[in-house]
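Everything on this sheet refers to the single structure shown next.
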Amino acid sequence: MFNNKSILITGGTGSFGQKYTKTILERYSPKRLIILSRDELKQYEMQQIYNAPCMRYFLGDVRDGDRMMQAFKDVDYVIHAAAIKQVPAAEYNPMECIKTNIHGAENVIKAAIANKVKKVIALSTDKAANPINLYGATKLASDKLFVAGNNIVGDGETRFSAVRYGNVVGSRGSVVPFFQKLIKEGAQSLPITHPDMTRFWITLQDGVDFVLKNFSRMQGGEIFVPKIPSVRITDLAQAYGPGLSHDIVGIRPGEKMHEIMCPADDSHHTIEFDDHFVITPSISFFGREHDYSLNQLGEKGSLVEQGFEYHSGNNPHFLTVDEIKLLDGDKA
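Quick note on numbering: full-length UniProt numbering labels position 253 of the sequence shown as 253, and the sequence is numbered without any gaps.
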């Protein structure tokens with residue numbers, strides 16, 4: 001569906017954007033592949049790796065509504081990956097996080113509708129489910145905006161959905177590069193926030209593949225959640241620093257012990273498929289009704305039990321130390 005189409009990635013110079021670009025160029029022949037971000041240095045560095053004739057590098061910030069209107073002209077598909085993601089940074093700079101994650105989402109929606117973009121998928125996070133930190137709260141607000149975008153569009157053709165998943169193996173700013181840096185510097189111990197902490201774990205390629213497939217699945221208004229494994233933070237430290245001791249440093253501001261992707265409060269809106277869940281909209285859309293238990297690929301799902309919750313602590317699939325090491329090899 002991406003052959004001879006124009007695709008735009010906001011925040012396209014990030015870990016996800018670069019892997020998405022690599023995947024699109026390997027599998028499809030797009031008419032245009034537009035990388036939109038605000039950092040000229042990162043764009044320059046990315047251009048040294050990805051410079052196919054179809055590629056366009058577009059300087060701009062999702063906070064700038066006028067610039068989004070220009071960027072989205074004649075675009076078919078948008079992946080909205082731009083965000084302020086670091087939990088402590090968001091806690092200390094709340095207004096900056098709100099401007100990017102909430103007002104930026106609004107600008108993306110307006111620009112997509114005005115330019116008659118076909119489909120938009122926004123990247124969410126497990127921290128948007130029952131949020132306790134500002135980052136999660138802004139991403140929950142963003143999710144609600146993108147779901148409501150399907151109503152705001154009226155009888156237009158633009159459709160909006162979101163993808164929610166957990167920590168990405170080796171992504172910038174995550175714990176794995178931090179552990180690797182400490183080990184390289186000769187650390188004799190690794191800092192652990194809490195010995196019982198767990199997280200969802202997904203490779204960058206699996207995240208990209210999931211988003212790609214959901215463009216074909218989506219009807220508009222869904223929040224897609226992949227079934228992915230969990231890791232224990234202690235196992236993670238052992239996988240990267242075998243034999244090193246652990247220093248318990250305490251939970252950082254805004255952190256949870258376990259992350260949630262499908263909250264119990266949304267169980268009456270949650271449909272389970274073979275390899276993913278869908279959280280359906282709580283609102284109805286103007287002039288449209290969808291059977292979300294049957295997606296556009298013909299896959300069938302069923303409503304989960306009342307009170308069902310999908311979180312990293314009760315996940316039936318935990319990675320072993322050896323499995324964590326194997327997954328690390330897939331992150332590049």
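From the three backbone atoms N, C-alpha and C, an ideal C-beta is built for every residue, glycine too.
If you draw a straight line from the C-alpha of residue 126 to the C-alpha of residue 133, how long is it?
-> Your numbering for residue 126 matches position 126 in the sequence shown. Your numbering for residue 133 matches position 133 in the sequence shown. Roughly 12 Å between the two C-alpha positions.
Could you tell me which residues DSSP pairs with residue 247 in its beta bridges?
-> Mapped onto the sequence shown, residue 247 falls at position 247. Answer by DSSP bridge pairing, in chain order: 191.
Given residue 296, which residues of its chain have a CB within under 8 Å of its CB, disregarding the five upstream and five downstream residues?
-> Residue numbering aside, residue 296 sits at position 296 when the sequence shown is read from its first letter. Closer than 8 Å at the Cβ level, and outside the excluded window around residue 296, lie 216, 217, 218, 219.
By DSSP, does residue 57 sit in helix, in strand, or in coil?
-> Within the sequence shown, numbered from 1, the residue matching residue 57 stands at position 57. Note: residue 57 maps to strand in three-state DSSP.
Below 6 Å CB to CB, which residues in the same chain sit around residue 320 once its five sequence neighbours on both sides are set aside?
-> The sequence position of residue 320 within the sequence shown is 320, counting from 1. Excluding positions up to five away in sequence, the list is empty.
Name the residue from 103, 192, 52 whose alpha carbon lies nearest to the alpha carbon of residue 83.
-> Along the sequence shown, read from residue 1 onward, the residue named residue 83 stands at position 83. Closest by alpha carbon: 103.
Candidates 193, 101, 163, 118: closest to residue 141 by CA position | Taking the sequence shown and counting its residues from 1, one reaches residue 141 at position 141. Per the Cα distances, 101.
For the segment 105-123 and the segment 68-75, state whether three or more C-beta atom pairs, one from each stretch, are separated by less than 8 Å.
-> yes
Minimum Cβ-Cβ distance from residue 34 to chain D less than 8 Å = The chain labelled as chain D is not found in the depicted structure, where only one protein chain is given.
Coil, strand or helix - residue 135 by DSSP = Start at 1 with the first residue of the sequence shown, and residue 135 comes out as number 135. DSSP places residue 135 in helix when its eight states are reduced to three.
Go ahead and pull the three-state DSSP assignment for residue 340.
-> Residue 340 lies beyond the range of the chain shown here (1 to 332); nothing can be said about it.
Secondary structure at residue 84, three-state DSSP: helix, strand or coil?
-> Here the question's residue 84 lines up with position 84 in the sequence shown. Correct three-state label for residue 84: coil.
Confirm, please, whether the CB-CB distance from residue 190 to residue 237 is below 8 Å.
-> For the purposes of this step, residue 237 is identified with residue 237 of the sequence shown, where counting begins at 1. For the purposes of this step, residue 190 is identified with residue 190 of the sequence shown, where counting begins at 1. It is a contact, given that the beta carbons lie within the stated cut-off.
Just mark residue 131 as buried or exposed, buried being the case when its beta carbon has 16 or more other beta carbons within 10 Å.
-> In the sequence shown, counting from the first residue as 1, residue 131 sits at position 131. Under this definition residue 131 is a buried residue.
Touching or not, the segment 251-258 and the segment 160-180, by the rule of three or more beta carbon pairs under 8 Å?
-> no
For residue 7, does the count of other Cβ atoms within 10 angstroms reach 16, so buried, or fall short, so exposed?
-> Taking the first residue of the sequence shown as position 1, residue 7 is located at position 7. Buried, since its Cβ has 16 or more Cβ neighbours within 10 Å.
In whole angstroms, what is the alpha-carbon distance linking residue 270 and residue 303?
-> Taking the sequence shown and counting its residues from 1, the one referred to as residue 270 is at position 270. Taking the sequence shown and counting its residues from 1, the one referred to as residue 303 is at position 303. In a straight line, the C-alpha of residue 270 is about 6 Å away from that of residue 303.
Extent of the continuous beta strand (DSSP E) to which residue 119 belongs | Within the sequence shown, numbered from 1, the residue matching residue 119 stands at position 119. Annotation: the continuous beta strand (DSSP E) that includes residue 119 extends over 119-123.
Can you tell me whether residue 121 is buried or exposed, with buried defined as 16 or more other CB within 10 angstroms of its CB?
-> By one-based count along the sequence shown, residue 121 stands at place 121. Classification for residue 121: buried.
Taking only the alpha-carbon atoms, compute the straight-line gap between residue 196 and residue 203 and give it to the nearest angstrom.
-> By 1-based counting over the sequence shown, the position of residue 196 is 196. By 1-based counting over the sequence shown, the position of residue 203 is 203. Residue 196 and residue 203: Cα-Cα distance of roughly 22 Å.
Whole beta strand (DSSP E) runs in the segment 14-79 with 3 or more residues, listed along the chain?
-> 32-37, 55-59
If residue 272 sits next to residue 312, beta carbons under 8 Å apart, how far is it from one beta carbon to the other, in whole angstroms?
-> Against the sequence shown, residue 272 aligns to sequence position 272. Against the sequence shown, residue 312 aligns to sequence position 312. Actually they are not in contact, since the Cβ atoms of residue 272 and residue 312 sit about 17 Å apart, beyond 8 Å.
Check residue 150 in the structure and name its three-state DSSP category.
-> Residue 150 sits at position 150 when you count from the first residue of the sequence shown. Helix.
Over the uninterrupted alpha helix (DSSP H) stretch that includes residue 294, give me the two end residues.
-> The count along the sequence shown starts at 1 and reaches residue 294 at position 294. No alpha helix (DSSP H) holds residue 294; DSSP gives it neither H nor E.
Paired residues, beta bridge with residue 285 - DSSP | In the sequence shown, residue 285 corresponds to position 285, counting from 1. In the DSSP output, where bridge partners are listed per residue, residue 285 has 288.
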